[in-house]
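*Asks:* Structure below; questions to follow.
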Amino acid sequence: MKSSYLFVPFLVTISSACFVPASFGQILNIERFRFEKDTSNFWTGNVGLGFSTKKQQNQVTTLNLNSNLVYLSEKHGYLNINYGKLIKTTQQKVISEGYTHWRVNLFRAKRLSYEPFLQLQYDLGRGLQIRELYGGSLRFRVKSTPKYSFSINSGGMYEHEIWRGEVLRFESGGDSTKAETYFFKNTTNVSFRGDISKNVNVFMVTYYQARFTSFFKPRVISDFQLMININKYFSLNNQFVATYDALPLVTGNNFVYTYNMSIIVKF
């Protein structure tokens, strides 16, 4: 590991990290943590902890915790990403969300590689009690140069979810306050990363996830990031993530988006 970062999400939290900026969105972007190195026995990662509190009419306390770990062996790559967030007010209103993701990139140096993965996730603010994902995919590296890379990843996954909310939508049209679902889905993404100029880097990825029985009613996730290197010590990162779900279980929850602005201090 040749460099370290102090990652400061704008007006949210402060965390320390090493080599890889941490993820602060509930939408997991696995592609941004990839490494394409020829070396083996290579470790890198980070651990971040953020805390903030604000008092006006009510006191709001926010806690962030994240950790990311990458290991590259001679033939394979191993990746673990973890994230958690807790927001609490004096009125006992609590918003809690987080995930853990485990993935193996088999035969990572080949143009066509294989990836089994596991993910556990929750988002109590949206009513998601638990989401379990188990699956695998094929990864095809379309083009890779020192300045840019383009790849396609496609496979299948088993998804188990438990939701709670005031109004939940069911296939039969009925409403309730609790739903449990089991689906087999296709998951496909297209990703691009490149250097616009010496001081500007861009990253884009779009996921298409759909049930095999309703393939044209997907969940689409798009993540766009623009990194501006101000000087050798400071960078500014802008991230916009948008999600559209054609078949949401929670009524009125079709479209969700987040925007993060971050300052990265290198030392």
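Numbering follows my numbering, with no gaps: position 181 of the sequence shown is 179. Quick reminder that beta carbons are idealized off the backbone N, C-alpha and C, glycines included.
#1: If you count every other CB in all the chains shown that lies within 10 Å of the CB of GLN119, and 16 or more means buried, which is it?
#2: Which value, in whole angstroms, describes the spacing of the CA atoms of LEU245 and TRP41?
#3: Which of the three DSSP states is assigned to THR241 in this structure?
#4: Considering only residues of the same chain and omitting the five flanking positions on each side of GLY75, which have a CB-CB separation below 6 Å?
#5: If I follow the unbroken beta strand (DSSP E) through PHE214, where does it start and stop?
#6: Is the beta carbon of LEU224 less than 9 Å from the beta carbon of VAL254?
#7: On the CB-based measure, 16 or more other CB atoms within 10 Å of its CB, does ASN151 come out buried or exposed?
#8: Within 10 Å of its beta-carbon, does THR241 have 16 or more other beta-carbons around it, so buried, or fewer, so exposed?
#9: So which of THR186, GLY163, LYS183 has the shortest CA-CA distance to THR175?
#10: Ordered along the chain, which non-local residues of its own chain (more than five positions away) have a Cβ less than 8 Å from that of ARG272?
#11: Could you tell me whether the Cβ atoms of ILE194 and GLN207 are closer together than 9 Å?
#12: Tell me where the beta strand (DSSP E) around GLY133 begins and ends.
#13: DSSP three-state call for PHE115: helix, strand or coil?
#14: Less than 6 Å between C-beta atoms, sequence neighbours within five positions excluded: which residues of the same chain meet that for GLY179?
*Replies:* Based on what the coordinates show:
#1: Under this definition GLN119 is a buried residue.
#2: 40 Å
#3: Strand.
#4: Same-chain partners within the cutoff: ASN103, ARG106.
#5: That residue, PHE214, is in no beta strand (DSSP E); it is neither H nor E in DSSP.
#6: no
#7: buried
#8: buried
#9: GLY163
#10: Outside the shown range of the chain, which is -1 to 265, sits residue 272, and nothing can be said about it.
#11: no
#12: Here the beta strand (DSSP E) through GLY133 covers 126 to 142.
#13: strand
#14: Checking the sequence, you will find Thr at residue 179 rather than Gly. Once the five neighbours on either side are set aside, the close Cβ partners of THR179 are GLU159.
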